[in-house]
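**Student:** At position 35 of the sequence shown the residue is numbered 35 (full-length UniProt numbering), and the sequence of numbers has no breaks.
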Amino acid sequence: MISEERLMMKLRKPLATILLSIGLACSLFLLLALDDGLSPSVSAKSMSFIRLIHASPDIGTVDIFVDGQKLLSNFQFASVSKYVALPAGTHEVQIALIGQGPNAATITQTLSVQEGAAYTVAALGTKQTKFALDIVKDDNRVIGDKAKVRIYHLSPGAGKAQVTTRSDLIVDALPYLGVSNYVLFTAGTYTFNVKLAPADVTVPISITLQPWTVTSIFAVGKLDGTPRFQMISSQEKGIPGMPQTGSDPNAPLSSAAEPASLLWPWVLIALVLLGAFTSSISVACRRTPTAPTTKMVSDASPIERETVH
Numbered sequence: 001m002i003s004e005e006r007l008m009m010k011l012r013k014p015l016a017t018i019l020l021s022i023g024l025a026c027s028l029f030l031l032l033a034l035d036d037g038l039s040p041s042v043s044a045k046s047m048s049f050i051r052l053i054h055a056s057p058d059i060g061t062v063d064i065f066v067d068g069q070k071l072l073s074n075f076q077f078a079s080v081s082k083y084v085a086l087p088a089g090t091h092e093v094q095i096a097l098i099g100q101g102p103n104a105a106t107i108t109q110t111l112s113v114q115e116g117a118a119y120t121v122a123a124l125g126t127k128q129t130k131f132a133l134d135i136v137k138d139d140n141r142v143i144g145d146k147a148k149v150r151i152y153h154l155s156p157g158a159g160k161a162q163v164t165t166r167s168d169l170i171v172d173a174l175p176y177l178g179v180s181n182y183v184l185f186t187a188g189t190y191t192f193n194v195k196l197a198p199a200d201v202t203v204p205i206s207i208t209l210q211p212w213t214v215t216s217i218f219a220v221g222k223l224d225g226t227p228r229f230q231m232i233s234s235q236e237k238g239i240p241g242m243p244q245t246g247s248d249p250n251a252p253l254s255s256a257a258e259p260a261s262l263l264w265p266w267v268l269i270a271l272v273l274l275g276a277f278t279s280s281i282s283v284a285c286r287r288t289p290t291a292p293t294t295k296m297v298s299d300a301s302p303i304e305r306e307t308v309h
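Right under this line is the structure:
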């Protein structure tokens with residue numbers, strides 16, 4: 001017969017091996033989970049961002065399709081969408097009168113967008129000109145608590161535009177399809193006066209510029225005809241003006257990448273626990289008692305000391 005002490009001695013080594021394997025597996029799982037939190041997903045890295053503005057006075061309410069899938073519905077003239085994520089690369093954009101589907105599109109155009117970039121896509125044109133899409137690359141980085149403003153001249157036949165505010169000249173002689181540089185402002189309420197030449201018409205628009213935002217002012221419509229000329233604005237949250245923050249206009253500020261330094265302490269704790277667990281198992285195995293060297297009651301041979309290697 002095998003004594004109880006002999007049996008326990010034989011069980012200690014496989015039991016220690018099992019516990020050590022469990023400890024290693026748990027630690028590996030924890031490290032993989034932390035690594036997943038530290039590394040942005042591939043899909044997040046490969047996205048771009050687009051928004052659309054309906055600036056064609058001769059196209060009615062539309063549906064907008066990207067690669068055959070409906071992106072926006074019931075999109076009216078002078079509407080500006082929020083930014084939407086789109087995989088970087090080449091895409092077919094179609095604009096069709098509401099309910100008619102992509103096969104009856106008024107505009108079909110291929111656009112190429114870059115990874116991490118943001119764009120404004122404008123639907124343009126009149127019955128006398130070609131309907132088309134115009135794409136402009138945006139920069140939504142804002143430094144500190146400032147606000148940025150940009151002017152888009154999308155009004156056909158309106159002549160060149162001059163924009164002033166509080167007696168300051170913001171942009172001068174901006175032509176149709178022209179886009180101004182970004183202008184930095186202190187947060188506050190401003191009236192932007194848009195003067196069109198040679199018609200000598202001035203149209204004001206009052207906007208409250210919030211800190212850390214990017215505001216776009218669009219001139220759309222017709223000076224002589226309908227829909228009438230108007231100024232519309234769209235304001236988006238800016239992103240930190242720091243390197244490698246990406247260009248996601250709608251990303252929460254905390255998603256500008258949670259500092260990896262907050263997660264590394266957990267990695268170190270996992271490694272310490274793994275080391276402590278491994279050491280305790282090793283010590284337990286080395287403390288296995290020496291088996292007796294006398295014969296048992298049965299005819300079994302003397303039991304030699306089992307050494308854990």
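Beta carbons: idealized from backbone N, C-alpha and C, even for Gly.
So, at 7 angstroms on beta carbons, what are the nonlocal neighbours of PRO198 in its own chain, with the 5 sequence-adjacent residues on each side left out?
**Tutor:** GLY159
**Student:** Residues in its own chain within less than 6 angstroms of VAL66 by CB, not counting five upstream and five downstream?
**Tutor:** Around VAL66: HIS91 and VAL93.
**Student:** Between GLN94 and the ligand GDP, is there a pair consisting of the residue's CB and a ligand heavy atom that are separated by less than 7 angstroms?
**Tutor:** With respect to the ligand GDP, the structure shown offers nothing to examine, as it has no ligands at all.
**Student:** Around the C-beta of SER82, are 16 or more other C-beta atoms found within 10 angstroms, so that it is buried, or is it exposed?
**Tutor:** Note on identity: in this sequence residue 82 is Lys, with Ser being the wrong assignment. Classification of LYS82: exposed, given that the 10 Å Cβ count is below 16.
**Student:** Is it right to say ARG166 is buried, meaning 16 or more other beta carbons lie within 10 angstroms of its own, or is it exposed?
**Tutor:** Exposed.
**Student:** Between which residues of its own chain and GLN109 is the CB-CB distance below 7 angstroms, once the five residues before and five after are set aside?
**Tutor:** VAL93, ALA132 and LEU133
**Student:** Rounding to the nearest angstrom, what Cα-Cα distance links VAL171 and THR164 in this structure?
**Tutor:** 7 angstroms
**Student:** For the segment 122-132 and the segment 184-193, state whether three or more C-beta atom pairs, one from each stretch, are separated by less than 8 angstroms.
**Tutor:** no
**Student:** Would you say ILE107 and VAL84 are within 8 angstroms of each other, going by their C-beta atoms?
**Tutor:** no
**Student:** Helix, strand or coil: how does DSSP classify ASN103 here?
**Tutor:** helix
**Student:** Reducing DSSP to helix, strand and coil, say where SER167 ends up.
**Tutor:** coil
**Student:** Taking GLN230 as the reference, which of ALA122, VAL194 and VAL214 has the closest Cα?
**Tutor:** When each option's Cα is compared against that of GLN230, the closest is VAL194.
**Student:** Can you name the start and end residues of the beta strand (DSSP E) that ASN140 belongs to?
**Tutor:** Here ASN140 belongs to no beta strand (DSSP E), and DSSP marks it neither H nor E.
**Student:** Can you list, in chain order, the residues of its chain whose CB lies under 7 angstroms from that of GLY68, leaving out five sequence neighbours each side?
**Tutor:** PRO102, listed in sequence order.
**Student:** Along the chain, where does the beta strand (DSSP E) containing ASP200 start, and where does it finish?
**Tutor:** Run containing ASP200: none; DSSP gives neither H nor E here.
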